[in-house]
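These notes concern the structure reproduced below.
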Amino acid sequence: MNILITGGCGFIGAWILRRLIADGDTVTVIDAQPTTARWEMLLSPAQIAQVRIVQGRIDDRAAVAALVREVAPQAIIHLAGLQVPSCKADPIAGAMVNVVGSLAVFEAAKPLAAEGRAPRIVYASSAAVFGSDADYAGTVDDLAKERPGTHYGAFKLCIEHCARAYWENDQLASVGLRPLTVYGPGRDTGMTSFPTRAIAAALLGQRFDIPFSGPTAYIHAREVAEMFIACARGTAPGAAVYTVGGDVVDTPGFIRALATLLPQASGLVTCSGGHLPIASRLDDAALRRDYPGLPRIPLAQGIEETIAVFRALTAPGALAAAAKA
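Everything in the sequence shown is counted per the working numbering, starting at 3 for the first residue and increasing by one.
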């Protein structure tokens, strides 16, 4: 396939590229900060050389439209966005990237749709569209009431509704995915990046505090990448949105799981603070029903794979960068 990835220099983008390159797909990446640092954890120089990188802001409507027209992708995997802390610090900047930037992607696809060549759009929503665990009596699935408690979550919910409007008005098919705590090599920004950074810190013998102690749904990046790719290769019409589950454990439980594989972590990694304001008991049965064969990576296996990648890093300062505060 011919695929365009927005924000592809980020964490999840690196894992998606790993699979797409192996499959022989043609990939173009647009990113405001065109760095290959995260890719270098997973890809060889020869693999990286196969990817075209374009520098550009996702909220630059003209630039996005021109690139989509030029590339004419069969699918757009839309990952560009600002995380919870950035949206809290500057909600207007967060809205420009997360909302206006997402609208720019859909708008850029409209001319191709009018020509019968509509790209399938798969975009990163978030479990942040939901409220806290206290807001729900049981598990949270695709049909649960959204109650975002952050600007970030509100922006993601806005785009879910906009995606439905683009299907109704322009027949632009899309899929939104709502993961929570995605972890693995390359995860270095956002509140839920702390567990991954704790693994790198423990390998360095450094003390590290994770600033939340309550439960969250852990899902490895390789698993999430497979979800994005399966949805991009799909053909179902409409504007679907899927909640993404994971292994639900509190932070002390995560630290114990890490210490089982990396004993020094028990004396180095700590946690403080309360619960994340996002539901943790997430049900992704609908996603797995509609896209059978998706992998399921248990937390212990995901931590073990993360340790293995971190240990294999040879670039000076790469592991320290992975643990940065």
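Every residue gets a Cβ at the ideal spot worked out from N, C-alpha and C, and that includes glycine.
Simplified DSSP state of residue i, which is helix, strand or coil
| i | result |
| --- | --- |
| Q124 | The residue asked about is misnamed: residue 124 is Val in this sequence, not Gln. Reduced to three states, the DSSP call for V124 is strand. |
| F210 | strand |
| C79 | At residue 79 the sequence reads Ile, which differs from the Cys that was named. Of the three classes helix, strand and coil, the one that applies to I79 here is strand, per DSSP. |
| V246 | coil |
| C233 | helix |
| S88 | helix |
| H163 | helix |
| A238 | coil |
| I221 | strand |
| I5 | strand |
| T191 | coil |
| T152 | coil |
Cα-Cα separation, residue i to residue j
| i | j | result |
| --- | --- | --- |
| D1 | A130 | The displayed coordinates of the chain run from 3 to 327. Any statement about residue 1 would go beyond what the structure contains. |
| A324 | A238 | 38 Å |
| K112 | P187 | 35 Å |
| V29 | G269 | 43 Å |
| G116 | C11 | Reading off the sequence, residue 116 comes out as Ala, not Gly. About 30 Å. |
| F13 | T38 | 10 Å |
| I221 | V184 | 5 Å |
| P150 | A48 | 42 Å |
| G133 | A322 | 34 Å |
| D33 | L69 | 12 Å |
| P197 | I23 | 28 Å |
Among the options, nearest to residue i - alpha-carbon criterion
| i | options | result |
| --- | --- | --- |
| L174 | I221, T253, F108 and Y293 | F108 |
| Q35 | A82, L205 and A116 | A82 |
| E42 | D62, D27 and A16 | A16 |
| P213 | C233, H277, H163 and A110 | H277 |
| P297 | A241, S282, G275 and V226 | V226 |
| T245 | F230, L205, E306 and R71 | F230 |
| D285 | P181, V271 and G192 | P181 |
| I161 | L206, V243 and A64 | V243 |
| T308 | I7, I18, L44 and D25 | L44 |
| R235 | L205, T8, D27 and D137 | D27 |
Those residues which DSSP pairs with residue i across a bridge
| i | result |
| --- | --- |
| Q57 | D33 |
| T316 | T316 pairs with nothing; no bridge assigned. |
| G178 | Y125 and V243 |
| L284 | V142 |
| Y328 | Any answer about residue 328 is impossible in this case: the structure gives the chain only from 3 up to 327. |
| Y185 | H222 |
Per the contact definition of three or more C-beta pairs closer than 8 Å, is the stretch 94-104 in contact with the stretch 47-56?
Touching, no.
Are three or more beta carbon pairs between the stretch 313-322 and the stretch 262-271 nearer than 8 Å?
Remark: fewer than three beta-carbon pairs, one from each stretch, lie closer than 8 Å, so the stretch 313-322 and the stretch 262-271 are not flagged as touching.
Would you call the stretch 107-125 and the stretch 196-210 touching, i.e. three or more CB-CB distances under 8 Å?
Between the stretch 107-125 and the stretch 196-210, the count of C-beta pairs closer than 8 Å stays below three; the two stretches do not touch.
When the Cβ atoms of the stretch 238-254 are set against those of the stretch 82-97, are three or more pairs found closer than 8 Å?
Result no; under three Cβ-Cβ pairs closer than 8 Å.
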